[in-house]
Amino acid sequence: MATKILLGPVLSFRGVSQGKWKVSALIGIDEGDKAPKVIVDGKAAPKSKVLLKHGGRQYLRYDLTTDQGNQERKVEYTIGGVDEVWHFTVPGQNYAPRMAYVSCNGFSDPSSIRKLIKGENAVWADLLCNHDKQVRPAGYMLDKEQLWHEPRTHDKNLQRFHLLLMGGDQIYFDSIWEDVKELKGWIGLPREQQLVFPVGPELEARIEDYYLNLYADRWLSKERGGWDAKTKPLDAAQAMARTPTVMMWDDHDIFDGWGSYSCEMQHSPLFKKLFHHARRAFWVFQMQHAAESLPDLEPRDDVKVRANDPLFKEIEWKTVLKGDALALPLLNKQPGFSFAHSIGPVQLLVADLRTERSHEQVLGPETWTALKAWLEKIPANKRKHPGDGCQHLLFMSSVPVVHPKLSLAEAFLDNFGSDHVLDSSADDLKDHWTHDDHEGERLRLLETLFATAKAKQLRVAIISGDVHVAAHGVAYRKDVGPQDNWAQIQQFTSTAVVHPSLVSVAERLFFHVLDNVGRITQNLTVNTSAEMLIFPQSNRRVMAARNWLAIELDIGATNAAGSKLWATWRCETQGGVSNHLIAVEPTIC
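Taking UniProt numbering, I'd label the letters of the sequence shown as residues 1 to 589.
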């Protein structure tokens, strides 16, 4: 009997431990159906774990963990009753993973699909054709950049990427304001009524249903057809089934602008309920943990704080997730979802920039403490002992840390408030690390990363999305010499994989303003500056095109010479795809 898959499979990377490449797979089936048998690497996967039962559906997590060998290899897995064979590729022990990065997998406004120069999934299709030779359509032609990678990946029957980094907005919940009638009515209320709008049991049930059901509707839509369809599009569902993901959330995973509204609105009964259910849905579908294991956020009552800053009690994540062999490595004693992975010569820090966000705050004090404690434990770069130490620290920030500063627009929009949920102009600017209200915390972040780079003798790169353009920025210290390249933090901005870039007349005008403002160097202090660089192989600071990013070390294993990190953007064009490359040298010792 065929198994009807309602969601997934969605692969999730859970870390490296004692020679094991830990991967989980999420699938959704009817609540009355028996959990299908999953075969991975020729063996039956352990019994599935039920993460959630809701609305006649059940969501199951399978353990696809497999061995790492001395060399990379491709692993096959199947789901009983589904006529499909999937693969993912595992790097060799102590080797750096090859990673793809995407963000903004959806639309804030459904009408914006008309702005696309190609189909909705065209950028996903390009990423998949780069990743997995088996999905390429007949007659597919390679370009020069792709030919460079063929001998070391596809010619060896491997896939190009070991991980898929997803930098936020994996799903867009903005449609809740139109689809739930009570919320559509709320939009037209006077502000004083919005702030006290009650959320009764019936409305809360509809909100819960919406957050839990939309994942299946968007990630494996009925219009797409299931895995038994004769033709299956090259889309996000294909990518998440073929590459273990690393997911962080941003505002649209809650709703547009979360954390950048006024403190009164953020603390209103409706906003609190929306966040509660968005958080729970994210925990299940993107972090792949059981719904009942998620602790509530508890406000701190032991310190005097500004009313606008949401300060929560720390969560002992080690205790909460104890006994779960597939638990994500969440930073302990912080209330958010920040976590980190150590993979050969690469350290990956995934920051939660939404749980504690307000006008004046991005990360709360417990998160800063946990983040710094983790950074201090990074193994220093010891080139005389290959396999020991970190060469490249990648900091995932859903919102760019280095970005053009639009001070005039900030001042203009600040005078008009920022509480209209269907007008994202003001909250988009307030979201930026470059906004005046966040400048102090931005400096704290950069100085923390500089200190880590110096102490550990490694290179730091920031990977970000959100802003619907591709861009390359740098933050640097001016009080050191060029030989101290640890003092140069590169930023790679890649977005969006589905959402249109700046294509309307008004957006194109904004693009030119953004590009011109990007020429201005931002002096954060006497010794610290940030600036946008010319985007590789172009004549502008920002590239207004849908895109995705590849992040690869030129030598996979940790080695005495140090490995150069390559960042390669693939940008959508009218005639095809353009390639844009830069290299980050290892630390000069």
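Quick reminder that beta carbons are idealized off the backbone N, C-alpha and C, glycines included.
All of these numbers come straight from a predicted model, not from anything done at the bench.
Going by DSSP in three states, residue i sits in which element: helix, strand or coil?
| i | result |
| --- | --- |
| A205 | helix |
| M543 | strand |
| L535 | The question names Leu, but residue 535 in the sequence shown is Phe. In this structure, F535 counts as coil in the three-state DSSP scheme. |
| Y210 | helix |
| D30 | strand |
| M247 | strand |
| D155 | helix |
| F416 | Caution applies to F416, whose pLDDT of 49 falls short of 50 and renders its modelled position unreliable; the model cannot decide the point. |
| E410 | Note that E410 has pLDDT 49, beneath the 50 cutoff, so the model's placement of it is unreliable and no number is given. |
| W374 | helix |
| W86 | strand |
| E552 | strand |
| H435 | coil |
| K133 | helix |
| residue 619 | The chain is shown only over 1 to 589; residue 619 falls outside these bounds and no answer can be derived. |
| T369 | helix |
| E360 | coil |
| W186 | helix |
| Y59 | strand |
| A557 | No answer about A557 holds up, because its pLDDT of 46 lies below 50 and its placement is not dependable. |
| N121 | coil |
| V460 | strand |
Using the Cα positions of residue i and residue j, report the straight-line distance between them to the nearest angstrom.
| i | j | result |
| --- | --- | --- |
| R570 | M543 | 11 Å |
| A506 | H512 | 10 Å |
| A122 | V303 | 50 Å |
| G149 | R160 | Here residue 149 turns out to be His, not Gly, going by the sequence shown. Taking the straight line from one Cα to the other gives about 8 Å. |
| E439 | W433 | 6 Å |
| A290 | V50 | 7 Å |
| V16 | R508 | 44 Å |
| A470 | W177 | 29 Å |
| I207 | V180 | 8 Å |
| A426 | T231 | Any reading at A426 must be qualified, since the residue scores a pLDDT of 48, below 50, and its modelled position is unreliable; the value itself is stated next. Cα-Cα distance, rounded: 42 Å. |
| T521 | Q491 | 15 Å |
| Y77 | G225 | 21 Å |
| D515 | L502 | 12 Å |
| T243 | P97 | 12 Å |
| L234 | Q193 | 45 Å |
| S538 | T573 | 13 Å |
| A236 | L549 | 15 Å |
| W124 | K478 | 40 Å |
| R218 | G92 | 34 Å |
Using 10 angstroms around the beta-carbon of residue i, count the other beta-carbons present and answer buried if the total reaches 16, otherwise exposed.
| i | result |
| --- | --- |
| M141 | exposed |
| I27 | buried |
| K318 | exposed |
| E298 | exposed |
| N381 | buried |
| S260 | buried |
| E585 | exposed |
| P500 | buried |
| I462 | buried |
| G465 | buried |
| N415 | Interpretation of N415 is limited by its pLDDT of 49, a score under 50 that renders its predicted location unreliable; the figure taken from the coordinates is listed afterwards. Under this definition N415 is an exposed residue. |
| A560 | With a pLDDT of 49 at A560, under the threshold of 50, the modelled position of that residue is not reliable, and the figure given next carries that caveat. With fewer than 16 Cβ atoms within 10 Å of its Cβ, A560 is classed as exposed. |
Considering Cα atoms alone, identify which of the options is closest to residue i.
| i | options | result |
| --- | --- | --- |
| D41 | L509, L127, V460, Q68 | Q68 |
| residue 594 | A122, P233, A100 | Any property of residue 594 remains undetermined from this structure, which presents the chain solely from 1 to 589. |
| D83 | G576, V135, A229 | A229 |
| I315 | A325, D324, V303, S338 | S338 |
| L349 | S358, K564, C390 | C390 |
| P400 | K74, F312, S103 | S103 |
| L128 | K454, K405, Q238, L371 | Q238 |
| L524 | I489, R442, K456 | R442 |
| V10 | W227, E531, P310, V402 | W227 |
| H54 | Y211, E223, P151 | Y211 |
| W86 | G32, R280, D143, L158 | L158 |
| L533 | N527, A496, L581 | L581 |
| G32 | A25, K4, R14, F197 | K4 |
| R540 | N547, R519, S529, D554 | R519 |
Could you pull the start and end residues of the beta strand (DSSP E) that residue i belongs to?
| i | result |
| --- | --- |
| W566 | 565 to 572 |
| I315 | Run containing I315: none; DSSP gives neither H nor E here. |
| M396 | 392 to 397 |
| M99 | 99 to 102 |
What residue range does the alpha helix (DSSP H) around residue i cover?
| i | result |
| --- | --- |
| W283 | 269 to 285 |
| W148 | 144 to 149 |
| M265 | 263 to 266 |
| R191 | 191 to 194 |
| R442 | 439 to 456 |
| V505 | 505 to 517 |
| A237 | 236 to 242 |
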